[in-house]
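Here's the structure we're looking at; comments come further down.
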Ligand SMILES: [Zn+2]
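Numbering (the working numbering), first residue to last: 1 to 382.
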């Protein structure tokens, strides 16, 4: 198989054109699903009185379970409204671009799993938050932020163990030679290697490629899509592994969590200041009133969008450092450039998006920037 993989890879001009359109449509998708629909839904829910009716109905059903019932109706409706859009963008659209290999049934099974889990997290989070509002109306934002960090830590630890096998078939990475190489790189950097490497069988679902680092301490693991192992030559796989090792060496998982917690702390602080004045204008008198929840959710989403460029700029910086680590350890800029081009063509990633698009949506530097980084490293070396 491997001898048939072209190296170095050069861009396919047709794919470059397609990538521009695909990326643009992905941006529209992200705005519709995660911003426009939720914001519109929460506003309509409050302003049309649906929120009041739902609360009365929930209290009528059960005095002691009214909060989880209210939240189930709220989030149940929202997820139901979003589903057709998710189907269009996640299935129809991905098929159109030849990226998805799933059947409708397989897609819906995955979708149900993800939405079910999300629904559970939202209900539990909402109930917890309501409890904190009720018990500590003045300092809720401090307590909620601490809880948020605890939850992030918990998710960061269990994610690799539970979530990946919940959504994908997996197997252990058995390439002992490459594992030894990684252990060597880690040793040179003065830290322990990542012992657990999981191969994720994405090839059953799509053509997409991905790799990443998750968890910390004993749960620290690296995952890699089987598509990547099958479609990339060994030299490029080394570079990608070294990039992930870079995240490991520089402790990027915990740093990312720390930033998220800090930003959430600021978000909760701002909400604590503005929520009651806004709530009282629509007739909500206290934080204990569960009908304040959609208002909170709308404010949370709006502020998160505002601070998104900070989060993403930080992430891009960490990615650049991981690229730098791969260059310094593997010292093969040609392979790194080739891997980036191959990656961009497979995933139909826009290699040079507008800088404002990059600022608001890209967790990694654009492929063009990453290639330029390799070229300047190479120029310095030669
Ligand atoms: Zn990375």
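Glycine is no exception: its CB is placed at the ideal position from the N, C-alpha and C atoms.
Can you say whether residue i is buried or exposed, counting buried as having 16 or more other CB atoms within 10 angstroms of its CB?
i, result
"residue 2", "Unreliable placement is indicated for residue 2, whose pLDDT of 44 sits below 50; the coordinate value is still reported in the next sentence. With fewer than 16 other Cβ atoms within 10 Å, it is exposed."
"residue 109", "exposed"
"residue 129", "buried"
"residue 126", "buried"
"residue 80", "exposed"
"residue 91", "buried"
"residue 206", "buried"
"residue 351", "buried"
"residue 51", "buried"
"residue 63", "exposed"
"residue 45", "buried"
"residue 139", "exposed"
"residue 223", "buried"
"residue 327", "buried"
"residue 323", "buried"
"residue 367", "buried"
"residue 382", "exposed"
Would you mind stating whether residue i and residue j have Cβ atoms separated by less than 8 Å?
i, j, result
"residue 240", "residue 259", "no"
"residue 166", "residue 202", "no"
"residue 269", "residue 342", "no"
"residue 404", "residue 374", "This structure leaves residue 404 out entirely; the chain is present only between 1 and 382."
"residue 164", "residue 209", "no"
"residue 329", "residue 185", "yes"
"residue 41", "residue 78", "yes"
"residue 33", "residue 73", "no"
"residue 97", "residue 9", "no"
"residue 339", "residue 236", "yes"
"residue 145", "residue 261", "yes"
"residue 161", "residue 219", "yes"
CA-CA distance, residue i and residue j?
i, j, result
"residue 295", "residue 301", "10 Å"
"residue 365", "residue 59", "50 Å"
"residue 396", "residue 276", "This structure does not reach residue 396, given that the chain is present from 1 up to 382, and the question cannot be answered."
"residue 253", "residue 216", "7 Å"
"residue 378", "residue 193", "27 Å"
"residue 174", "residue 306", "44 Å"
"residue 303", "residue 100", "33 Å"
"residue 371", "residue 248", "22 Å"
"residue 102", "residue 190", "43 Å"
"residue 196", "residue 221", "5 Å"
"residue 87", "residue 204", "18 Å"
"residue 53", "residue 15", "51 Å"
"residue 13", "residue 133", "55 Å"
"residue 356", "residue 19", "17 Å"
"residue 112", "residue 170", "20 Å"
"residue 25", "residue 293", "31 Å"
"residue 230", "residue 43", "47 Å"
"residue 321", "residue 285", "49 Å"
"residue 149", "residue 31", "27 Å"
"residue 57", "residue 289", "14 Å"
"residue 27", "residue 93", "13 Å"
"residue 337", "residue 182", "20 Å"
"residue 234", "residue 187", "21 Å"
"residue 105", "residue 158", "28 Å"
"residue 311", "residue 331", "29 Å"
"residue 49", "residue 70", "14 Å"
"residue 115", "residue 89", "15 Å"
"residue 147", "residue 141", "10 Å"
"residue 416", "residue 172", "Past the boundaries of the shown model lies residue 416; the chain is included only from 1 to 382, so the question cannot be answered."
"residue 212", "residue 35", "26 Å"
"residue 358", "residue 29", "16 Å"
Which whole-angstrom value is the C-beta distance of residue i and residue j, which I expect to be below 8 Å?
i, j, result
"residue 85", "residue 37", "7 Å"
"residue 246", "residue 325", "3 Å"
"residue 279", "residue 39", "Actually they are not in contact, since the Cβ atoms of residue 279 and residue 39 sit about 17 Å apart, beyond 8 Å."
"residue 414", "residue 287", "There is simply no residue 414 to check, as the chain begins at 1 and stops at 382 in what is shown."
"residue 6", "residue 291", "Not confirmed; about 60 Å, so no contact."
For chain C, is any of its Cβ atoms less than 8 Å away from the one on residue i?
i, result
"residue 141", "Protein chain content of the structure displayed is limited to a single chain, and chain C is not contained in it."
- Segment contact flag, the stretch 345-365 with the stretch 260-272, C-beta cutoff 8 Å, min 3 pairs: no
- Message: Would you call the stretch 120-129 in contact with the stretch 242-253, where contact means no fewer than 3 C-beta pairs closer than 8 Å?
- Response: no
- Query: Is the stretch 309-322 touching the stretch 354-362, taking contact as three or more C-beta pairs under 8 Å?
  - Reply: yes
- Query: Do the stretch 147-162 and the stretch 272-286 meet, that is, are 3 or more Cβ pairs less than 8 Å apart?
  - Reply: The stretch 147-162, when compared against the stretch 272-286, does not touch it at the 8 Å Cβ threshold.
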